[in-house]
Amino acid sequence: MSSSTAQPTLIRNGRIITACDDYVADVLMSHGLIHTIGHNIEVGPDVAVVDATGLYVLPGGVDTHVHMENVIGPTITCDSFASGTRAAAFGGTTTVVDFALQTATDSVLGAIARAQRSAEPQVSVDYSFHVIVTHVDDQVLKDVHYAMQHEGVTSFKMFMAYPGVMMADDAAIFRMLRQVGAEGGMVALHAENGTVIDLLIKEALEAGHTSPRYHAMTRPAIMEGEATHRGIRLAELAQAPIYFVHVSSNEALKHVVTARAEGIPVFAETCPHYLLFDDSVYNTDDFEIAKYVMTPPLRKPDDQKHLWRALRYDDLQVIATDHCPFCMKEGHLGYRMQKMRGKDDFSLIPNGAPGIETRMVSLFDIGVMQGKLSLNRFVELIATTPAKLFGLFPKKGTIAVGSDADVVLFDPKATQTIRAKDLHSNCDYTLLEGRELRGRVEKVFLRGNLIVDGARWLGREGMGKFVPRGEVRAF
Ligand code: DUC
Ligand code: ZN
Ligand code: ZN
Numbered sequence: 002m003s004s005s006t007a008q009p010t011l012i013r014n015g016r017i018i019t020a021c022d023d024y025v026a027d028v029l030m031s032h033g034l035i036h037t038i039g040h041n042i043e044v045g046p047d048v049a050v051v052d053a054t055g056l057y058v059l060p061g062g063v064d065t066h067v068h069m070e071n072v073i074g075p076t077i078t079c080d081s082f083a084s085g086t087r088a089a090a091f092g093g094t095t096t097v098v099d100f101a102l103q104t105a106t107d108s109v110l111g112a113i114a115r116a117q118r119s120a121e122p123q124v125s126v127d128y129s130f131h132v133i134v135t136h137v138d139d140q141v142l143k144d145v146h147y148a149m150q151h152e153g154v155t156s157f158k159m160f161m162a163y164p165g166v167m168m169a170d171d172a173a174i175f176r177m178l179r180q181v182g183a184e185g186g187m188v189a190l191h192a193e194n195g196t197v198i199d200l201l202i203k204e205a206l207e208a209g210h211t212s213p214r215y216h217a218m219t220r221p222a223i224m225e226g227e228a229t230h231r232g233i234r235l236a237e238l239a240q241a242p243i244y245f246v247h248v249s250s251n252e253a254l255k256h257v258v259t260a261r262a263e264g265i266p267v268f269a270e271t272c273p274h275y276l277l278f279d280d281s282v283y284n285t286d287d288f289e290i291a292k293y294v295m296t297p298p299l300r301k302p303d304d305q306k307h308l309w310r311a312l313r314y315d316d317l318q319v320i321a322t323d324h325c326p327f328c329m330k331e332g333h334l335g336y337r338m339q340k341m342r343g344k345d346d347f348s349l350i351p352n353g354a355p356g357i358e359t360r361m362v363s364l365f366d367i368g369v370m371q372g373k374l375s376l377n378r379f380v381e382l383i384a385t386t387p388a389k390l391f392g393l394f395p396k397k398g399t400i401a402v403g404s405d406a407d408v409v410l411f412d413p414k415a416t417q418t419i420r421a422k423d424l425h426s427n428c429d430y431t432l433l434e435g436r437e438l439r440g441r442v443e444k445v446f447l448r449g450n451l452i453v454d455g456a457r458w459l460g461r462e463g464m465g466k467f468v469p470r471g472e473v474r475a476f
């Protein structure tokens with residue numbers, strides 16, 4: 002099944018919601034693209050017709066922060082590109098941007114090639130990569146130039162945390178910002194003061210504090226704030242746009258807000274878990290809370306209040322999942338020593354949690370249904386702006402004539418109870434176990450191909466296409 006062989010399909014009478022539109026119309030999809038939008042479109046018998054009365058017609062979600070088969074320290078995220086992208090599709094996401102890791106022995110271009118080899122035969126939604134750059138020299142900058150000009154990879158992630166593993170120093174980050182910004186791309190930063198955090202971890206362990214709650218206590222929000230401020234100043238000097246991944250706290254956010262008010266092109270995402278949960282989950286020594294060991298950790302209810310405000314008023318522009326799944330159960334699907342690796346030492350728990358399949362529905366429930374986000378803003382945050390910031394728009398992220406026919410039919414009246422056993426990730430838990438949510442993804446089209454139909458999987462491994470990306474569209 003390829004985009005050109007998908008049967009033309011007419012979606013009849015749905016309520017089309019984009020970042021700026023809200024109206025009832027028909028959508029004709031043909032040759033993988035949105036062909037026509039109008040009223041009472043007439044079609045012949047060769048066109049499949051889907052009645053979408055009472056349903057929302059949304060652009061396929063764009064999730065620009067996911068980790069499939071990512072080697073993180075001594076372990077690997079438990080979703081393959083196959084399981085992770087299938088889960089994405091069931092959650093209404095039709096484009097993902099994963100990561101290609103530059104290792105000490107690998108070049109930037111080698112990292113892209115390696116990630117491509119793993120992803121290509123397996124993915125069932127469209128995809129791209131940010132390259133994680135861990136060291137910078139003249140050759141790396143040449144490769145970055147080549148990747149941007151010839152490989153359609155226009156974003157790069159760098160870490161201010163994890164010294165000795167992923168952390169890049171300020172000069173390296175500055176060099177990348179200067180070059181990538183000048184060429185129209187984006188540097189995404191993980192902002193935490195890594196060396197101070199490592200000291201706090203060492204001191205906690207020396208004091209005999211081994212339980213997962215110390216993960217949160219050794220990664221204080223003020224160190225997220227410090228690094229965010231430093232990253233902004235580096236971007237300002239480099240005259241480059243900058244994007245902060247997984248903003249969790251007001252300590253970080255307040256620097257983003259100030260910088261934006263000063264006219265500095267600073268952009269930022271938060272993730273559903275920072276809106277759904279707070280740090281009260283860490284008030285126990287039970288190892289079960291290793292489920293919530295992600296970086297940054299969950300913060301206070303007051304931080305959530307600030308995140309919601311920023312989402313409404315555009316100080317945060319994206320909600321991405323940071324889907325970074327590790328199993329709790331030893332041996333689940335053959336995965337050994339994932340979260341259990343840190344049973345006696347919280348610093349060994351791999352950092353991350355699943356979430357790729359529940360982003361759209363959980364944000365519809367806690368955002369739209371609870372009156373915190375308009376429908377248009379919801380679409381903007383999960384599809385349109387991530388597509389713009391990472392060079393995918395208008396091919397992805399909206400419903401418009403000529404855009405890819407990536408379309409979700411969403412039932413706003415349905416309810417569902419989330420259970421890990423019903424989800425499609427390899428992960429053996431969901432943070433939302435037992436939670437009742439309003440809204441449900443009913444059908445998902447990828448370039449006009451129906452890949453999800455209720456509980457039925459109609460997609461195919463390898464049908465996802467690599468999407469060469471263009472320049473950042475920040476304004
Ligand atoms: N940062 C991420 O973005 N993902 C997983 C772990 C981390 O520290
Ligand atoms: Zn990170
Ligand atoms: Zn991540």
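So for the sequence shown, my numbering puts the first residue at 2; every next one is plus one.
Think of the CB as a built atom: it goes at the ideal place given N, C-alpha and C, for glycine as much as any other residue.
None of the values given here were measured: they were computed from a predicted structure.
Legend entry - Environment of Lys-466 [buried if 16+ CB atoms lie within 10 Å]: buried
Legend entry - Segments assigned beta strand (DSSP E), at least 3 residues, entirely inside the stretch 50 to 111: 57 to 60, 62 to 64, 94 to 102
Legend entry - beta strand (DSSP E) runs contained entirely in the stretch 202 to 273, provided each spans 3 or more residues: 243 to 245, 267 to 271
Legend entry - Delimiting residues of the beta strand (DSSP E) encompassing Phe-160: For Phe-160, the enclosing beta strand (DSSP E) has its first and last residue at 156 to 160.
Legend entry - Beta carbon of Phe-365 nearer than 7 Å to that of Gly-440: Gly-440 sits close to Phe-365, with the two beta carbons spaced by under 7 Å.
Inset, instruction - Along the alpha helix (DSSP H) that carries Pro-387, what are the first and last residues, could you check? - result: Unbroken alpha helix (DSSP H) run through Pro-387: 386 to 390.
Inset, instruction - Confirm, please, whether the CB-CB distance from Thr-10 to Asp-407 is below 7 Å. - result: no
Inset, instruction - Can you grab the Cα-Cα spacing for the pair Ala-388 / Phe-394, in whole Å? - result: 5 Å
Inset, instruction - Identify the continuous beta strand (DSSP E) that holds His-36 and give its terminal residues. - result: 34 to 39
Legend entry - For Asn-377, the three-state DSSP class (helix, strand or coil): For Asn-377, the three-state secondary structure derived from DSSP is helix.
Inset, instruction - Mind checking who Val-25 pairs with in its DSSP beta bridge? - result: DSSP output for Val-25 lists Arg-16 as bridge partner(s).
Legend entry - Residue of Ile-198, Thr-399, Met-187 minimising C-alpha distance to Gly-165: Ile-198
Inset, instruction - Could you name the residues that DSSP lists as bridge partners for Met-177? - result: Per DSSP, none; premise fails for Met-177.
Inset, instruction - Go ahead and pull the three-state DSSP assignment for Pro-413. - result: Three-state DSSP puts Pro-413 in a strand.
Inset, instruction - With a cut-off of 8 Å on the beta carbons, I'd call Gly-61 and Val-409 a contact; round off their distance for me. - result: Correct: roughly 6 Å between the Cβ atoms.
Inset, instruction - Taking Met-149 as part of the alpha helix (DSSP H), name the residues at either end of that continuous run. - result: 139 to 151
Legend entry - DSSP-derived helix/strand/coil call for Met-30: strand
Legend entry - Among Ala-321, Lys-396, Lys-301, Glu-443, the one whose alpha carbon lies nearest that of Arg-360: Ala-321
Inset, instruction - Taking the CB atoms as reference points, tell me whether Pro-273 and Tyr-57 lie closer together than 7 Å. - result: no
Legend entry - At least 3 beta-carbon pairs within less than 8 Å: the stretch 123 to 134 vs the stretch 90 to 104: A contact exists between the stretch 123 to 134 and the stretch 90 to 104.
Legend entry - Contacts around Lys-301, its chain only, beta-carbon distance under 7 Å, and the 5 residues preceding and following it disregarded: Asp-279, Asp-280
Inset, instruction - Counting only the same chain and skipping the five closest in sequence on each side, list residues whose C-beta sits under 7 Å from that of Val-495. - result: The requested residue 495 does not occur in the structure, where the chain is confined to residues 2 to 476.
Inset, instruction - On the DSSP bridge assignment, give the partners of Leu-276 in chain order. - result: In the DSSP output, where bridge partners are listed per residue, Leu-276 has none listed.
Inset, instruction - Evaluate contact between the stretch 173 to 186 and the stretch 237 to 249, counting only Cβ atoms and requiring at least three cross-stretch pairs below 8 Å. - result: The stretch 173 to 186 and the stretch 237 to 249 touch, with no fewer than 3 CB-CB distances between them shorter than 8 Å.
Legend entry - Inter-residue spacing [alpha-carbon to alpha-carbon] between Ser-5 and Glu-358: Low per-residue confidence applies at Ser-5: pLDDT is 48, beneath 50, and the placement is therefore not dependable, though the value from the model is reported in the following sentence. Answer to the nearest angstrom: the Cα atoms are 27 Å apart.
Legend entry - Candidates Gly-392, Phe-411, Leu-459, Val-453, of which the one nearest Pro-469 by Cα: Gly-392
Inset, instruction - Tell whether a beta-carbon distance below 7 Å holds between Thr-229 and Ala-192. - result: yes
Inset, instruction - For ligand 3, list every residue whose C-beta falls under 6 Å from any of its heavy atoms, going in chain order. - result: His-66, His-68, Asp-323, Cys-325
Inset, instruction - Check whether the Cβ of Asn-352 lies closer than 6 Å to any heavy atom of ligand 1, and answer yes or no. - result: yes
Legend entry - Glu-1 versus Leu-29: straight-line alpha-carbon distance, rounded: Outside the modelled stretch of the chain, which goes from 2 to 476, sits residue 1, for which no answer is possible.
Legend entry - Burial state of Gln-305, where buried means 16 or more other Cβ atoms lie within 10 Å: buried
Inset, instruction - Indicate, with yes or no, if ligand 1 has a heavy atom lying under 6 Å from the CB of Val-246. - result: yes
Legend entry - Span of the alpha helix (DSSP H), counted from its first residue to its last, around Leu-308: Boundaries of the alpha helix (DSSP H) around Leu-308: 302 to 313.
Legend entry - Test item: CB-CB of His-324 and Arg-87 under 7 Å: no
Inset, instruction - Report whether the distance from the Cβ of His-333 to the nearest heavy atom of ligand 2 is below 6 Å. - result: no
Inset, instruction - Compare the C-alpha of Leu-390 against each of Tyr-215, Val-473, Gly-353 and name the closest. - result: Val-473
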